[in-house]
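2 protein chains.
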Amino acid sequence: MLRDKLVLMTQNQHKLTELRPLFERFDVSFETTSVEKLEIRANDVETVAHAAALTAYDVLKRPVVLDDTGLFVDALNGFPGTYSAYILKTIGTTGILRLMNNIDKRTAKFVTAVGYADGDAVRTFVGVMPGNIVQAPAGEEGFGYDPVFVPQGETRTYAQLSLSEKVNISHRTKAFRKFLEWYTKSL
Amino acid sequence: MLRDKLVLMTQNQHKLTELRPLFERFDVSFETTSVEKLEIRANDVETVAHAAALTAYDVLKRPVVLDDTGLFVDALNGFPGTYSAYILKTIGTTGILRLMNNIDKRTAKFVTAVGYADGDAVRTFVGVMPGNIVQAPAGEEGFGYDPVFVPQGETRTYAQLSLSEKVNISHRTKAFRKFLEWYTKSL
Numbered sequence: 001m002l003r004d005k006l007v008l009m010t011q012n013q014h015k016l017t018e019l020r021p022l023f024e025r026f027d028v029s030f031e032t033t034s035v036e037k038l039e040i041r042a043n044d045v046e047t048v049a050h051a052a053a054l055t056a057y058d059v060l061k062r063p064v065v066l067d068d069t070g071l072f073v074d075a076l077n078g079f080p081g082t083y084s085a086y087i088l089k090t091i092g093t094t095g096i097l098r099l100m101n102n103i104d105k106r107t108a109k110f111v112t113a114v115g116y117a118d119g120d121a122v123r124t125f126v127g128v129m130p131g132n133i134v135q136a137p138a139g140e141e142g143f144g145y146d147p148v149f150v151p152q153g154e155t156r157t158y159a160q161l162s163l164s165e166k167v168n169i170s171h172r173t174k175a176f177r178k179f180l181e182w183y184t185k186s187l
Numbered sequence: 188m189l190r191d192k193l194v195l196m197t198q199n200q201h202k203l204t205e206l207r208p209l210f211e212r213f214d215v216s217f218e219t220t221s222v223e224k225l226e227i228r229a230n231d232v233e234t235v236a237h238a239a240a241l242t243a244y245d246v247l248k249r250p251v252v253l254d255d256t257g258l259f260v261d262a263l264n265g266f267p268g269t270y271s272a273y274i275l276k277t278i279g280t281t282g283i284l285r286l287m288n289n290i291d292k293r294t295a296k297f298v299t300a301v302g303y304a305d306g307d308a309v310r311t312f313v314g315v316m317p318g319n320i321v322q323a324p325a326g327e328e329g330f331g332y333d334p335v336f337v338p339q340g341e342t343r344t345y346a347q348l349s350l351s352e353k354v355n356i357s358h359r360t361k362a363f364r365k366f367l368e369w370y371t372k373s374l
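These protein sequence lines are chains A and B, in that order. The first sequence begins at 1 in this note's numbering and counts up by one. The second sequence begins at 188 in this note's numbering and counts up by one.
Given below as structure tokens:
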């Protein structure tokens, strides 16, 4: 089956930097777009990614893939969740740590839902990384909440890992790897 | 001009309790609906209310009025803003006070945007109440962030005011009064 070239929809350069090596590994090329994804309100990233992919296909009329990602902190009832980007911009990682002050239960998870739409179907692929919220931010790599999150099996925050270390293990990688395995098999 | 009876769209019983006396004062009757309003993501309540009213009319095919309200805290870059309901559910007023711990600048504002749509036009009406975030919650009346917000000209929180005191001055009243003045004149 001949398919149009895939469009990867993101305005986040950090995401692109993480995704390029992964897509190369699967030998899947993509284009980017200046069209911004629609973000609906929902409490789970899968619903957000599904709606975004569907809408993006309607606009672009090209196979499109994107993700929605959130950090879900157990002691904060899942906050900041699907509103992670807005909350990062307003109260930042400082705000998260302030909210966690004197809270012993530090467990959290990063969840990425990849949404794909090509006019025939919409598919979502989820990747989860459990971990813990640190007491103080650490590291300069990555982006977003990376300096305050230690992924399971690590003692360092995401922001203390090198790009390739993070790409090897991350929630985003898990989700996009599922997508890429399906995508390359279904060609 | 003969108009269909107005539908007031809210699932919030507290809002209804506050709005009934106001609508009665203007001699405007309304029905309610079990249809839930669409909430798009935007950083201002006017955009959210506009989209919600437009969509609600498309579903109900009846004149519809609704509001979107947010608390915007200056020291938190407008947080919780249009995500006030979600943030109340997750981190609560306790979270707001924790974020404001040791922060001297306590200014904030409540903003309500009323959205109205009747198939001919969509209109929005904005009401603002400036005020301050308290150091500790006080009062049992009202709902939402009322226990942590002291409106301008008051020494008590919204939650320490009686229903009629709050209805006399509130951000929501300001917005709905503008709407009701326009609505009754345009009949």
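Glycine is no exception: its CB is placed at the ideal position from the N, C-alpha and C atoms.
Which two residues bound the contiguous beta strand (DSSP E) that contains residue i?
| i | result |
| --- | --- |
| A295(B) | 294-304 |
| V320(B) | Residue identity differs from the one stated: residue 320(B) is Ile in this sequence, not Val. Segment 309-320, the beta strand (DSSP E) holding I320(B). |
| F336(B) | 336-338 |
| G70(A) | 64-73 |
| V7(A) | 6-8 |
Please report the straight-line C-alpha distance between residue i and residue j, rounded to a whole angstrom.
| i | j | result |
| --- | --- | --- |
| A262(B) | V232(B) | 19 Å |
| Y116(A) | K372(B) | 50 Å |
| F143(A) | F266(B) | 21 Å |
| G257(B) | V194(B) | 22 Å |
| A159(A) | G153(A) | 15 Å |
| V309(B) | A108(A) | 42 Å |
| G127(A) | K61(A) | 26 Å |
| R98(A) | S170(A) | 25 Å |
| E181(A) | S34(A) | 26 Å |
| A136(B) | L22(A) | The question about residue 136(B) has no answer here: the residues shown for chain B are numbered 188 through 374. |
| V298(B) | Y183(A) | 46 Å |
| M316(B) | T344(B) | 12 Å |
| V150(A) | K166(A) | 11 Å |
| N101(A) | R364(B) | 42 Å |
| F72(A) | G81(A) | 5 Å |
| G318(B) | V335(B) | 10 Å |
| M196(B) | F217(B) | 10 Å |
| T219(B) | I87(A) | 33 Å |
| E327(B) | A236(B) | 28 Å |
| L54(A) | A325(B) | 46 Å |
| V59(A) | T234(B) | 21 Å |
| A239(B) | S351(B) | 28 Å |
| D255(B) | D68(A) | 25 Å |
| R359(B) | K192(B) | 21 Å |
Considering Cα atoms alone, identify which of the options is closest to residue i.
| i | options | result |
| --- | --- | --- |
| L253(B) | Q198(B), Y345(B), V321(B), L275(B) | Q198(B) |
| I199(A) | E211(B), Y270(B), E328(B) | No information on residue 199(A) is available, as it lies outside the stretch 1 to 187 that chain A covers here. |
| S162(A) | R3(A), H14(A), D27(A) | H14(A) |
| K224(B) | Y244(B), R207(B), V215(B), F213(B) | Y244(B) |
| N168(A) | R20(A), Y145(A), Y183(A) | R20(A) |
| T90(A) | A236(B), L241(B), N230(B), V321(B) | N230(B) |
| N77(A) | G282(B), N264(B), T311(B), E218(B) | G282(B) |
| Y145(A) | D27(A), T93(A), T32(A) | T93(A) |
| F179(A) | S164(A), I133(A), V114(A), V134(A) | V114(A) |
| I320(B) | S351(B), V235(B), R359(B), T342(B) | T342(B) |
| V64(A) | D118(A), A138(A), V28(A) | D118(A) |
From which residue to which residue does the alpha helix (DSSP H) around residue i run?
| i | result |
| --- | --- |
| P208(B) | 200-212 |
| V215(B) | Element bounds for V215(B): n/a, residue is neither H nor E. |
| L348(B) | Element bounds for L348(B): n/a, residue is neither H nor E. |
| I274(B) | 271-277 |
| F330(B) | From DSSP, F330(B) is part of no alpha helix (DSSP H); its letter is neither H nor E. |
| E39(A) | Segment: none, E39(A) is in no alpha helix (DSSP H) and carries neither H nor E. |
| F176(A) | 171-185 |
| T234(B) | 232-247 |
On the CB-based measure, 16 or more other CB atoms within 10 Å of its CB, does residue i come out buried or exposed?
| i | result |
| --- | --- |
| K292(B) | exposed |
| E24(A) | exposed |
| A136(A) | exposed |
| I103(A) | exposed |
| D120(A) | exposed |
| T204(B) | exposed |
| K361(B) | buried |
| T124(A) | buried |
| R3(A) | exposed |
| D27(A) | exposed |
Cβ-based contacts, 7 Å cut-off: residues of the stretch 252-265 of chain B near chain A: The stretch 252-265 of chain B vs chain A, Cβ under 7 Å: L263, N264, G265.
Near-chain B residues of the stretch 6-22 of chain A (beta-carbon distance less than 7 Å), N- to C-terminal order: Per Cβ criterion, the list is empty.
Determine which residues of the stretch 22-42 of chain A have a Cβ less than 9 Å from any Cβ of chain B, and write them out in chain order. Within the stretch 22-42 of chain A, the qualifying residues are L38, E39, I40, R41.
By the 8 Å beta-carbon criterion, what residues does the stretch 269-301 of chain B contribute toward chain A? Residues Y270, Y273, I274, K276, T277, I278, G282, R285, L286, N288.
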